[in-house]
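Right, one structure below, let's go through it.
Residue numbers (this note's numbering): 1 to 521.
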């Protein structure tokens, strides 16, 4: 009946454009509600009074660790930033971020994965290019820097706002009223290019003549959530999800009930594991006045993104324990592609989000130091619950002593089972060793092979020596001089872990190198 009446109304002449647009929206929603609207068994819970007050709270944002929340609070039309810390599973009393708040409005923001950069929307500023622009501020561990405009590569003379930064910091998604879209506010993206940004691209597969706003790209970079009043929904503005397939965003799907209602929902944030979501919802209180608060819920399985976790590394000089700025590379071992390459900050710290169900080689390198490697597998739920956090102690290549006494394990050199045949995914790390020896031609190393205690002692001795020799031969083929290196096998004689467990045996099956002498001292 409702659909019929709206169709009759739309046939009338001289309907004002704004009234016609609203009627068409009602028609889309009515037809959607007649169809099988997705319904999920999940409970929507309002966050506690430490977050939600009699004012309006919305736009929650979190770093990868999810121990801090920054959100927008509006009091008598004034929007400002507030933050809260999670302590023992409870959100603490929220406080204003004084160094960022002004007499104008600030809000619609996102945090970088490491929590050290805030990208946000600010309006009516002297250095603004349009009515609202995108700005950024940096956190030094104590306070936020003065905000800076992202500049004309990102901002236009039109309305630009509501950012979402990809986990690797290389892509910025946002909403804009700039020309070149489908109408209203559209979703756009822009990529890092050198020290600046590329040309913005309209996400045409997601946009409508209505308004698409507050995008959120999940850390695994294959799910994009956003708010729209131009797509068929439950009424007002609804939340939608789009999946990336072959690097293209697919047609969006409504998140269904009870997430979407006849009121407005928006500003969704999903945790790294993809299991929990936060969002803002418009509700009516007892005085029948609209109120916006922040809620959370367990994300239903069909709406979850691919899970992700993070790697957090602090890099120090092994001797002085002073922080080092070093290059951190993560290589996807299944594709042999560099997932990310990043310089640690002045504190020697770096945090990188990584998709699950993959294995990675982590390499830390700095000129004048021996490189460090780690093998990272994200293959089960435990690694999502317990992310990878560790310190890396880099040894200088020019030591005062003749020998660096501790061998360096080649954690990302792999062999076929029971064989000395190197697997292709070993190439990246072996080439790191080639680079180290070329950088330090006076360095001499001993390549060492080890096995677990499974099998015959003599067979293990032969296998360990053959594997060490395979690395030796690889280095020879790459031009390293024979006088720079020797090789030896130790069989099962020098375990570094318990051979009674699969994990221990895996650690014992290793190849490593020992820096024997650096003649140029």
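Where a beta carbon is used, it is the ideal one built from N, C-alpha and C, also for glycine.
Here residue 408 is not near residue 365, since their CB atoms are 8 Å or more apart. For residue 15, no beta strand (DSSP E) encloses it, and the DSSP letter there is neither H nor E. In the DSSP assignment, residue 244 forms a beta bridge with 249.
In the DSSP assignment, the residues bridged to residue 80 are 73. The Cβ-Cβ distance between residue 186 and residue 207 falls below 8 Å.
The DSSP-derived three-state label of residue 434 is helix. Residue range 186-193 is occupied by the beta strand (DSSP E) that includes residue 189, with no alpha helix (DSSP H) assigned at that position. Counted as a single uninterrupted DSSP element, the beta strand (DSSP E) harbouring residue 329 occupies residues 327-332. Where residue 137 is concerned, the enclosing beta strand (DSSP E) starts and stops at 132-138. The beta strand (DSSP E) runs lying completely inside the segment 337-416 and spanning 3 residues or more are 337-343, 349-355, 358-365, 372-378, 388-394, given in chain order.
The beta carbon of residue 452 sits closer than 7 Å to those of 492, 499, 505, 508, 509, all from its chain and outside the five residues before and after it, given in chain order. Only residues of its own chain outside the window of five on either side were considered, and among them 497 have a CB closer than 8 Å to the CB of residue 503, listed in chain order. In this structure, residue 323 places its C-beta atom within 8 Å of the C-beta atom of residue 348.
Annotation: residue 169 to residue 34 spans about 41 Å, alpha carbon to alpha carbon. CA-CA distance, residue 336 to residue 299, rounds to 33 Å. In this structure, residue 325 and residue 343 form a Cβ contact; the two beta carbons are roughly 6 Å apart against a cut-off of 8 Å. In this structure residue 48 is exposed. Its beta-carbon is surrounded by fewer than 16 other beta-carbon atoms within 10 angstroms.
Residue pairing by DSSP puts residue 95 in a beta bridge opposite 83.
Sequence-distant Cβ neighbours of residue 40 in its own chain, meaning closer than 8 Å and more than five residues away, are 256, 257, 258, 259, 300, 302, 303. The bridge partners DSSP lists for residue 238 are 228.
Closest in C-alpha terms to residue 479, from the list 434, 146, 130, 274, comes 434.
Scanning 273, 293, 372 for the CA closest to the CA of residue 72 turns up 293. Taking C-beta atoms as the reference points, residue 272 and residue 309 count as a pair closer than 8 Å. If you compare the alpha carbons of 371, 76, 96, 283 with that of residue 51, the shortest gap goes to 96.
Residue 175 places its beta carbon less than 8 Å from that of residue 215. In this structure, the straight-line span from the alpha carbon of residue 250 to that of residue 224 is close to 10 Å.
Boundaries of the beta strand (DSSP E) around residue 276: 276-284.
Assigned with DSSP and collapsed to three states, residue 112 falls in coil, not helix or strand. The shortest CA-to-CA distance from residue 431 to any of 145, 473, 55, 92 is the one to 473. Per the C-alpha coordinates, the member of 204, 246, 376, 282 positioned closest to residue 252 is 204. When C-alpha distances from residue 197 are compared across 210, 213, 144, 150, the shortest belongs to 150.
Burial is judged here by how many other beta carbons sit within 10 angstroms of a residue's own beta carbon; residue 415 has at least 16 and is buried.
With a beta-carbon spacing of about 6 Å, residue 429 and residue 361 fall inside the 8 Å limit used to define contacts.
For residue 56, the pairing in a beta bridge is given by DSSP as 74.
The alpha carbon of residue 45 has as its nearest neighbour, out of 114, 209, 278, 194, the alpha carbon of 278. Exclusion of the five residues before and after residue 156 leaves 129, 130, 176, 178 as the residues of its chain whose Cβ lies within less than 8 Å of its Cβ.
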